[in-house]
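What follows is a single structure, written as structure tokens, with notes after it.
Residue numbers (UniProt numbering): 1 to 558.
Structure, rendered in structure tokens:
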């Protein structure tokens with residue numbers, strides 16, 4: 001099946017909605033929803049995935065971008081969660097998405113000698129649970145050796161350190177690629193398609209009303225099973241059913257900042273404990289991602305934002321380790337995401353948790369909530385298993401533990417022969433490496449685009465991204481708006497100091513014809529993006545969450 005999510009695909013997919021009853025309708029295009037659509041489609045089930053905004057527009061594009069077990073969960077004795085997450089980490093690194101999931105090194109500075117046996121035992125257990133084959137084992141370092149890896153650290157900030165390895169991912173790209181892979185296996189996947197009501201036969205849910213947010217047209221979609229994978233919007237689905245769910249979701253806000261790579265003299269990432277959680281300094285291409293916070297959030301779910309207080313919290317903690325403190329002037333980007341933490345209404349789910357739960361609150365509707373990014377595949381398989389249990393016919397078990405996503409097959413061959421690949425593509429080694437590391441073997445499709453239109457090999461102003469990537473986002477990856485391109489298909493909106501304003505006009509010119517934009521529409525897209533950037537910058541300067549939320553809501557909704 002085609003996996004080119006271009007405007008023609010979307011029009012044909014919309015036209016097909018409601019023609020026949022499908023096996024599974026998945027609501028929510030985050031990582032769990034996309035994973036559930038892939039799980040169902042790869043079992044041979046007819047599947048539709050609908051997302052109200054864009055793939056990964058919520059939590060799934062705003063994570064710490066780590067694929068990890070979570071060292072801090074060992075302190076909570078949640079060994080099962082850590083073991084499960086580390087097993088998934090190994091699958092993603094080695095089989096499912098090696099082009100998008102890569103090893104990353106972290107240094108854990110020790111501030112007291114007594115910490116070495118305590119933290120060392122925890123990291124050793126972490127390595128053991130993760131298996132020795134996936135990543136290098138941890139190492140204990142003296143202070144002098146730690147400073148060789150991390151000259152940016154103050155000498156008096158540690159007595160030594162432990163170095164260990166985890167993995168990282170471009171979360172938005174991974175989520176979108178899951179959706180594309182689901183489409184390749186026969187699923188219909190749609191963005192800007194919002195569920196505005198449920199179809200009922202008596203108490204049973206038998207489908208949903210889907211509204212195309214681009215045209216306003218409504219489509220009744222009948223399904224044998226409906227799955228809600230709506231994350232922090234789970235309680236909205238609860239309200240739509242008119243019954244109380246066995247669990248609810250509480251939102252916790254996590255904020256990150258980005259600073260240029262050259263600003264910190266480090267050859268490794270960092271992790272440090274804070275009074276609330278942990279703080280990471282994560283290498284991210286030409287930047288460092290620093291975060292996160294952990295605070296309650298009860299305001300706008302679509303556009304959580306970082307306030308000045310959030311930024312100050314991050315700077316104060318990271319600066320406690322640095323020889324040369326960071327300031328607001330070093331920050332080129334910020335982002336905030338909402339964690340969906342389970343808050344149970346019964347004794348079995350009474351604690352807030354990163355573990356996930358599946359429920360059938362009304363017949364025909366299955367809800368999946370909680371969990372963490374790393375375990376999305378397990379969550380997806382669990383909810384599909386629950387949904388098909390009463391189908392009355394045999395349904396194959398999940399195969400996604402052995403199913404590489406698009407771009408994985410052939411990635412290593414391209415990566416290991418990158419000099420020849422670059423020469424054949426007529427690109428610099430740096431440009432070819434950039435594309436292969438973001439698209440895997442699908443990079444050959446971008447090479448072909450550049451060969452046909454050499455101007456697409458030019459960089460977008462102020463960025464490390466090629467013009468071909470903006471066009472490919474529209475012709476293959478389902479992007480419909482400028483925000484989709486600059487925020488999720490690329491990460492320009494958080495990686496350059498002007499938040500992508502200079503690149504926006506060039507990107508709009510490149511994609512206008514593909515999306516059927518006239519000059520007025522193009523101007524409208526640019527204005528909307530500009531207003532969003534201005535609102536987020538104003539929010540970042542606001543003193544607290546209430547002020548930041550009010551500042552962000554001035555801009556039109558995305």
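Think of the CB as a built atom: it goes at the ideal place given N, C-alpha and C, for glycine as much as any other residue.
ask   = How should residue 242 be labelled, buried or exposed, when 16 other C-beta atoms within 10 angstroms of its C-beta is the threshold for buried?
value = For this step, residue 242 is matched to residue 242 along the chain shown. That one is exposed.
inquiry  = Helix, strand or coil, according to DSSP, for residue 79 in the structure here?
reply    = Walking along the chain shown from the start, residue 79 turns up at place 79. If DSSP states are grouped into helix, strand and coil, residue 79 belongs with the helices.
inquiry  = Rounded to whole angstroms, what is the Cα-Cα separation between residue 347 and residue 27?
reply    = Here residue 347 refers to the residue found at position 347 of the chain shown. Here residue 27 refers to the residue found at position 27 of the chain shown. Only weak support exists for where residue 347 lies, its pLDDT of 35 falling under 50; the value from the coordinates is given anyway. Computed Cα separation, rounded: 28 Å.
task = Return the bridge partner residues of residue 67 from the DSSP annotation.
result = Residue numbering aside, residue 67 sits at position 67 when the chain shown is read from its first letter. Paired residue(s): 167.
ask   = Taking the alpha carbon of residue 356 as the point to measure from, which residue in 364, 424, 378 has its own alpha carbon closest?
value = One-based indexing of the chain shown puts residue 356 at position 356. The alpha carbon of residue 356 has as its nearest neighbour, out of 364, 424, 378, the alpha carbon of 378.
ask   = Under 8 Å between C-beta atoms, does residue 62 make it to chain D?
value = Looking for chain D here will not work: only one protein chain is present.
ask   = Below 8 Å between beta carbons: does that hold for residue 51 and residue 190?
value = Start at 1 with the first residue of the chain shown, and residue 51 comes out as number 51. Start at 1 with the first residue of the chain shown, and residue 190 comes out as number 190. Contact flag set, yes.
ask   = Do residue 117 and residue 146 have their C-beta atoms closer together than 8 Å?
value = Position 117 of the chain shown holds residue 117. Position 146 of the chain shown holds residue 146. Not in contact: residue 117 and residue 146 (Cβ atoms no closer than 8 Å).
task = In the DSSP assignment, find the beta strand (DSSP E) that holds residue 312 and state where it starts and stops.
result = Taking the chain shown and counting its residues from 1, the one referred to as residue 312 is at position 312. If you look at residue 312, you'll find it isn't in any beta strand (DSSP E); it sits in the alpha helix (DSSP H) that goes 308-319.
query = With a CB to CB cut of under 6 Å and the five nearest residues on each side skipped, what residues in its chain are close to residue 10?
reply = Here residue 10 corresponds to residue number 10 of the chain shown, with the count starting at 1. So no residue of the chain qualifies.
task = Look at the alpha carbon of residue 468 and the alpha carbon of residue 481, and state the distance between them as a whole number of angstroms.
result = On the chain shown, position 468 is the one that residue 468 refers to. On the chain shown, position 481 is the one that residue 481 refers to. Taking C-alpha positions only, residue 468 is separated from residue 481 by approximately 16 Å.
message = Residues in the same chain with beta-carbon distance under 7 Å from residue 364, minus the five sequence neighbours each way, listed in chain order, please.
response = Translated into the one-based positions of the chain shown, residue 364 becomes position 364. Setting aside the 5 residues that flank it on each side, residue 364 is surrounded in the same chain by 204, 205, 206, 225, 226, each with a C-beta closer than 7 Å to its C-beta; the list follows chain order.
ask   = Looking at the structure shown, is residue 572 part of a helix, part of a strand, or coil, going by DSSP?
value = This structure cannot speak to residue 572, because the chain is shown only from 1 to 558.
ask   = Around the C-beta of residue 349, are 16 or more other C-beta atoms found within 10 angstroms, so that it is buried, or is it exposed?
value = Along the chain shown, one-based indexing puts residue 349 at 349. Unreliable placement is indicated for residue 349, whose pLDDT of 27 sits below 50; the coordinate value is still reported in the next sentence. That one is buried.
ask   = Out of curiosity, what's the CA-to-CA distance linking residue 119 and residue 200?
value = Position 119 of the chain shown, counting from 1, holds the residue named residue 119. Position 200 of the chain shown, counting from 1, holds the residue named residue 200. If I take the Cα positions, the gap works out to 54 Å.
Presumed contact (8 Å Cβ cut-off) between residue 184 and residue 130, rounded CB distance = Working through the chain shown from its first residue, we reach residue 184 at position 184. Working through the chain shown from its first residue, we reach residue 130 at position 130. Contact doesn't hold; Cβ gap of about 30 Å is too wide.
key: N-terminal and C-terminal residue of the beta strand (DSSP E) that residue 500 is part of   = Along the chain shown, one-based indexing puts residue 500 at 500. For residue 500, there is no enclosing beta strand (DSSP E), as DSSP marks it with neither H nor E.
request  = Specify the secondary structure class of residue 243 as computed by DSSP and reduced to three states.
outcome  = Residue 243 sits at position 243 when you count from the first residue of the chain shown. If DSSP states are grouped into helix, strand and coil, residue 243 belongs with coil.
request  = May I ask you to report which of helix, strand or coil DSSP gives residue 364?
outcome  = Taking the chain shown and counting its residues from 1, the one referred to as residue 364 is at position 364. Coil.
Helix, strand or coil at residue 188 according to DSSP, with G and I counted as helix = In the chain shown, the residue the question calls residue 188 occupies position 188. Residue state, collapsed to three classes: strand.
query = Cα separation between residue 473 and residue 160?
reply = Here residue 473 refers to the residue found at position 473 of the chain shown. Here residue 160 refers to the residue found at position 160 of the chain shown. Going by C-alpha positions, residue 473 is about 45 Å away from residue 160.
query = Is it true that the CB of residue 253 sits closer than 8 Å to the CB of residue 304?
reply = Within the chain shown, numbered from 1, the residue matching residue 304 stands at position 304. Within the chain shown, numbered from 1, the residue matching residue 253 stands at position 253. Contact flag set, yes.
request  = Note down the Cα distance separating residue 435 from residue 420, rounded to an integer number of angstroms.
outcome  = The sequence position of residue 435 within the chain shown is 435, counting from 1. The sequence position of residue 420 within the chain shown is 420, counting from 1. Approximately 14 Å between the Cα atoms of the pair.
ask   = In angstroms, rounded to a whole number, what distance separates the CA positions of residue 314 and residue 461?
value = Reading the chain shown from its first residue, position 314 is the one you call residue 314. Reading the chain shown from its first residue, position 461 is the one you call residue 461. Distance between the alpha carbons of residue 314 and residue 461 is about 29 Å.
request  = In angstroms with no decimal places, state the Cα-to-Cα distance between residue 287 and residue 497.
outcome  = Here residue 287 is taken as the residue at index 287 of the chain shown, counted from 1. Here residue 497 is taken as the residue at index 497 of the chain shown, counted from 1. C-alpha separation (whole angstroms): 12 Å.
key: One or two residues paired with residue 282 in a DSSP bridge   = Numbered from 1 along the chain shown, position 282 holds the residue referred to as residue 282. Its beta-bridge partners are 289.
query = Would you report the Cα separation of residue 402 and residue 96, rounded to the nearest angstrom?
reply = For the purposes of this step, residue 402 is taken as the residue at position 402 of the chain shown. For the purposes of this step, residue 96 is taken as the residue at position 96 of the chain shown. Residue 402 and residue 96: Cα-Cα distance of roughly 7 Å.
key: When 459, 152, 335, 513 are compared against residue 310, the one with the closest alpha-carbon   = Counting from one through the chain shown, the residue named residue 310 turns up at place 310. That would be 335, whose Cα lies nearest to the Cα of residue 310.
key: Inter-residue spacing [alpha-carbon to alpha-carbon] between residue 6 and residue 416   = As a working mapping, residue 6 is identified with position 6 in the chain shown. As a working mapping, residue 416 is identified with position 416 in the chain shown. Looking at the two C-alpha atoms, the distance is approximately 31 Å.
message = Can you tell me where the beta strand (DSSP E) holding residue 466 begins and where it ends?
response = On the chain shown, residue 466 is found 466 positions in, with the first residue counted as 1. It is not in any beta strand (DSSP E) - residue 466 carries neither H nor E in the DSSP assignment.
message = According to DSSP, simplified to helix, strand and coil, what is residue 408?
response = Here residue 408 corresponds to residue number 408 of the chain shown, with the count starting at 1. The DSSP-derived three-state label of residue 408 is coil.
key: Range covered by the beta strand (DSSP E) that runs through residue 109   = To locate residue 109, count along the chain shown from 1; it is residue 109. Per DSSP, residue 109 belongs to the beta strand (DSSP E) from 101-110.
task = With DSSP as the reference, please indicate the residues paired to residue 333 in a beta bridge.
result = As a first step, residue 333 is located in the chain shown; it is residue number 333 there, counting from the start. According to DSSP, residue 333 bridges with 258.
inquiry  = Tell me the DSSP secondary structure of residue 542 in three-state form.
reply    = Position 542 of the chain shown, counted from the start, is the residue given in the question as residue 542. Three-state result, residue 542: coil.
inquiry  = Let me make sure I understand the geometry here. Which of 47, 170, 8, 148 has the alpha-carbon closest to that of residue 437?
reply    = Position 437 of the chain shown holds residue 437. Measuring C-alpha to C-alpha distances from residue 437 to each of 47, 170, 8, 148 identifies 170 as the nearest.
key: DSSP-derived helix/strand/coil call for residue 514   = Stepping through the chain shown from its first residue, residue 514 is reached at position 514. Here DSSP, grouped into helix, strand and coil, assigns residue 514 to helix.
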